[in-house]
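At position 363 of the first sequence (counting the first as 1) the number is 383 in my numbering, and the numbers step up by one without a gap.
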Amino acid sequence: MPTITLPNGDKKSFDKPVTALEVAASIGAGLAKAAIGARVNGELRDLSTTIDADATIAIVTAPRPNQAASDDALYLMRHSAAHVMAEAIQDVIGKDVLLAYGPPTDTGFFYDMYVPEGKKISTDHFDAINKRMAEIIKEDRGFTRINESPETTLALFESRADKYKHGNALSALKAACEANPTAKRTGFFTEPDPSTGIAPYQAEWPVGTKLSFYYTGPHQSGVWNDLCRGPHVPSTGRIGATCVLSLASSYWHGDENSDRLTRVYGTAFATQADLDAYLRQREEAAKRDHRVIGKALRLFHIDEDVGQGLILWTPKGSIVRKELQTFIGAELRKQGYTEVFTPHIGRLELYKTSGHFPYYKDSQFAPILERQALEQLSASGCTCAEMMHRVEGVSQRLADGINERTKATTIAKDRILPDDQLVEGFMLKPMNCPHHAKIFASAPHSYRDMPVRLAEFGTVYRWEQSGELNGMTRVRGFTQDDAHLFCTEDQVPAEIQGCLSLVKIIFATLGMKDYRVRVGLRDKDSSKFTGSPESWDKAEAACVAAAASLGVPFSQEPGEAAFYGPKIDFVVKDVIGREWQLGTVQVDYQMGNRFDLSYIGPDNKSHRPVVIHRAPFGSMERFCGVLIEHFAGAFPTWLSPEQVRVLPISEKSADYAQRVHAALTAAGCRAGIDLGSDRIQGKVKVAADEKIPYMAIVGPRDADSNTVSVRVRGVEKDLGAMPLDAFVKGVADEVASKQAELGVKPV
RNA sequence: GCCACCGUAGCUCAGUGGUAGAGCACUCCCUUGGUAAGGGAGAGGUCAUGGGUUCAAGUCCCAUUGGUGGCUCCA
21 MPTITLPNGD KKSFDKPVTA LEVAASIGAG LAKAAIGARV NGELRDLSTT IDADATIAIV
81 TAPRPNQAAS DDALYLMRHS AAHVMAEAIQ DVIGKDVLLA YGPPTDTGFF YDMYVPEGKK
141 ISTDHFDAIN KRMAEIIKED RGFTRINESP ETTLALFESR ADKYKHGNAL SALKAACEAN
201 PTAKRTGFFT EPDPSTGIAP YQAEWPVGTK LSFYYTGPHQ SGVWNDLCRG PHVPSTGRIG
261 ATCVLSLASS YWHGDENSDR LTRVYGTAFA TQADLDAYLR QREEAAKRDH RVIGKALRLF
321 HIDEDVGQGL ILWTPKGSIV RKELQTFIGA ELRKQGYTEV FTPHIGRLEL YKTSGHFPYY
381 KDSQFAPILE RQALEQLSAS GCTCAEMMHR VEGVSQRLAD GINERTKATT IAKDRILPDD
441 QLVEGFMLKP MNCPHHAKIF ASAPHSYRDM PVRLAEFGTV YRWEQSGELN GMTRVRGFTQ
501 DDAHLFCTED QVPAEIQGCL SLVKIIFATL GMKDYRVRVG LRDKDSSKFT GSPESWDKAE
561 AACVAAAASL GVPFSQEPGE AAFYGPKIDF VVKDVIGREW QLGTVQVDYQ MGNRFDLSYI
621 GPDNKSHRPV VIHRAPFGSM ERFCGVLIEH FAGAFPTWLS PEQVRVLPIS EKSADYAQRV
681 HAALTAAGCR AGIDLGSDRI QGKVKVAADE KIPYMAIVGP RDADSNTVSV RVRGVEKDLG
741 AMPLDAFVKG VADEVASKQA ELGVKPV
């Protein structure tokens, strides 16, 4: 007979099995009324779950007024709302819409569905779906859990020719086997049966396994139901406020070769007020979108005639980028980096040596072939496939060198072609490292001058799929704040640490706090990686130690390392909640071999350097995009395209305004002046809309006393008159110290 | 690349098969003013591109192109 332990440590004994609801009722009628589920021994379960053995139970309740809903409560409501939405969609679109997969997410839920040929779900249906959902919720139908045997379940879905739910049932059975590997099993095979559209399969499960269905209502024929693991709220009336949000496509099992499904997103909150607040927050977030702000403040432009995913930096955006680059460059010099410049293209052979081509050709722009070679190939009737083979081929000499140095068949035999068959050409560079490796190799190096740190704001080009492009954050041409550190193996930990401290300085200066770090480690069971296990262990330990020292959340992710070395990624969260991978630090044991890099050690012998690739902000494009959202366009003064705007009250004060403007400009300040015929109210409004940090408002009174009336961004009125030179100095000091906050105060 | 939606003036957007619209911005005129837009006039469009249906297409259909939201991928 079960003894129940409650979260506060109290114990309650029952003389027969009880449901979670009965446990709640035994504590209090109010709790039973508010209860929508329970955590039983840590697992989220239905309120109707029967407990027949000792257990620890926490009752999950719907929130009281003005109380925030718990994660568990939202999970139950959203999971249940997904069922209600699916039922509503089948009512609105048709019963022949097949359901695939409908889980809750962090902010709501979605349901993937197969919509038959000739039908579609569009945003035009949202009103009808929302209305139908509201009806189902109002009907307050109970969720009824029914267990069925696997045989019955599989036969049911076969009879409906529903391969999605059939597949889900098989996955559930597989999971049951994995959860209980030693249990006695039963099962069966099926023969091909073209009438169901379901492929032959093998089903196996631990004896006694049941699959659960949830009926939205009583367990009887005609009541909507769905194969589902649960748990759910007790009845639809407990779901709260729901809303269908958007449509997308997805693939069955995430496999692009599999069926294309329609994904419908929605969300649910405990109250309409919470839902409204969420929808408002989405609207607010949309206003901070860097594409919206970038257009309004003319920070950058994308022109379809130039090309998708190619950023045109306008004068204002260029100032932001240039200031950042100057700042980063100064920090790099402090850390002993040297700057280099390299061109935007390189010979194909260079990328064959580095391994970027042809292995990553799907994410690169096509090679630029020499005109003569193309003409000859064309004249000789060479097919496209032959041509690509000859473009991708390498010479015996190159292959031998790389294979020997990497001690592996890095270049396969079938890629080696006679020299006269090879087609030469160039590539837009997808990475800067080959150029930097060649700079390193261009001079001899002693261990005494290691590490060699080559830095470049290097522009690279990658062929992103068109659907992936997004403003400045996902583009096809971008400038990395790149550097390659050529060092001895012993120097690796200190260099990694140096990279991270740089990131920390810059994030701190910009006031960016919401970021985390991922450390990608090798999968120790895999033999894919190159380099010695000892080196890997040391480098991985160095990465972990460096990440830990940052004082921000970090995760270790085995199997996520590059094949050539461990890496550290920086992930920043934007205001819409999307996470963006910005920078990366990667240790590379392979590049030295591929390019035959060396330095002379204290033993007077040649050694391979280890290379560290690091681009702590990823790209200037993405970084500036994230920064625009971070600041909502209101940049700190040192980054602002226009730092101060001088606003004369009327044309009578224009001369004095010009003198103020000249004084600011002479102090190195980016100042503007509004000599238009607007009234001062209008000029203030325009300057405020442009998010200019300071307005220097000047009228006859100021001209008489050599003062300015300073208005600070975000403050409703001015600071009062202050002496002109005090203001100029205040702004200059603030810019020089790169303050994150606007710092000019009344004097 | 895939699914849904969208593309009208520099920007934000109305436009219901029948003469191309508004607000802001721009130019000019009046207003000379003390802190989030004073008033008036003017100019500005091959309605993304190309086909089709129709007496008639911004509007309906097809294709292309670009954007948005997701999916997939990301050295």
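Just so it is clear, CB atoms sit at the ideal spot from N, CA and C, and this is done for glycine as well. None of the values given here were measured: they were computed from a predicted structure.
Judged by beta-carbon spacing, Ala475 lies within the 7 Å limit of Leu352, meaning their Cβ atoms are closer than that value. Only residues of its own chain outside the window of five on either side were considered, and among them Tyr619 have a CB closer than 6 Å to the CB of His465, listed in chain order. From the listed residues Val748, Tyr467, Lys705, Ile166, the smallest Cα separation to Asn624 is found for Tyr467. With 16 or more neighbouring CB atoms inside 10 Å of its own CB, Gln610 falls in the buried class. For Pro22, the CB contacts under 8 Å within the same chain, skipping 5 residues up- and downstream, are Ser33, Phe34, Pro37, Val38, Ile71, Asp72, Ala73, Asp74, Ala75 in chain order.
Under the 8 Å Cβ criterion, the region 167-174 does not count as touching the region 252-261, having fewer than three qualifying pairs. In summary, Cys404 is exposed, with fewer than 16 beta-carbon neighbours lying within 10 Å of its beta-carbon over all protein chains present. Going by DSSP, Ile365 is part of the beta strand (DSSP E) stretching over 365-367.
Within a 10 Å sphere around the beta-carbon of Gln663 sit 16 or more other beta-carbons, which makes this residue buried. Phe498 is positioned such that its CB atom lies closer than 7 Å to that of Ser639. Ranked by how close their Cα comes to the Cα of Val631, the residues Arg642, Phe615, Arg542, Arg280 have Phe615 in first place.
In the same chain as Ser555, and ignoring 5 residues on each side of it, the C-beta atoms closer than 7 Å to its own belong to Glu509, Tyr609, in chain order.
Secondary-structure assignment with DSSP links Asp132 through a beta bridge to Tyr121, Arg283. Under the Cβ criterion (8 Å, minimum of three pairs), the region 114-121 does not count as touching the region 52-67.
For Tyr235, the uninterrupted beta strand (DSSP E) run begins and ends at 231-236, by DSSP. In the DSSP assignment, the residues bridged to Thr479 are Thr499.
By the CB criterion at 7 Å, Ala40 and Thr81 fall outside the cutoff. In the assembly as shown, Lys705 is an exposed residue. Its beta-carbon has fewer than 16 other beta-carbons within 10 Å. By the 16-neighbour rule on beta-carbons within 10 angstroms, Tyr379 is exposed. Following the DSSP letters along the chain, one finds Trp600 inside the beta strand (DSSP E) bounded by residues 599-608.
DSSP, reduced to helix, strand and coil, places Ala203 outside both helices and strands of the structure shown, so it counts as coil. Excluding its 5 nearest sequence neighbours in each direction, Gly750 has C-beta neighbours in its own chain below 6 Å: Val764, listed in chain order. For Met407, same chain residues with a beta-carbon under 6 Å away, outside a window of 5 residues either side, are Leu397 in chain order.
If you draw a straight line from the Cα of Arg152 to the Cα of His186, it is about 27 Å long. If you check the CB distance, Arg473 and Ala503 come in under 7 Å.
Under the criterion of beta carbons closer than 8 Å, Leu118 and Tyr134 qualify as touching, at roughly 4 Å.
Apart from the 5 residues on each side of it in sequence, Thr430 sits with its Cβ closer than 7 Å to the Cβ of Ile422, Asn423 in its chain, given in chain order. With respect to the C-alpha of Tyr234, the residue from Val227, Ala746, Ala568, Trp244 having the closest C-alpha is Trp244. In its chain, beyond the 5 residues on either side, Pro226 have a beta carbon closer than 7 Å to the beta carbon of Asn200.
Counting along the chain, the unbroken beta strand (DSSP E) around Val666 starts and ends at 664-668.
Pairing Lys672 with Gln678, the inter-Cα distance amounts to about 12 Å.
Excluding the 5 residues flanking it on each side, Asn28 has no same chain C-beta neighbour closer than 8 Å. Taking a cut-off of 8 Å for Cβ pairs, the region 281-294 and the region 91-101 touch, as three or more such pairs fall below it. Judged by pairs of C-beta atoms under 8 Å, the region 674-693 does not touch the region 515-524, as fewer than three such pairs exist.
When C-alpha distances from Leu394 are compared across Lys381, Leu442, Thr373, the shortest belongs to Leu442.
Under the DSSP assignment, Lys524 falls in the alpha helix (DSSP H) whose first and last residues are 512-530.
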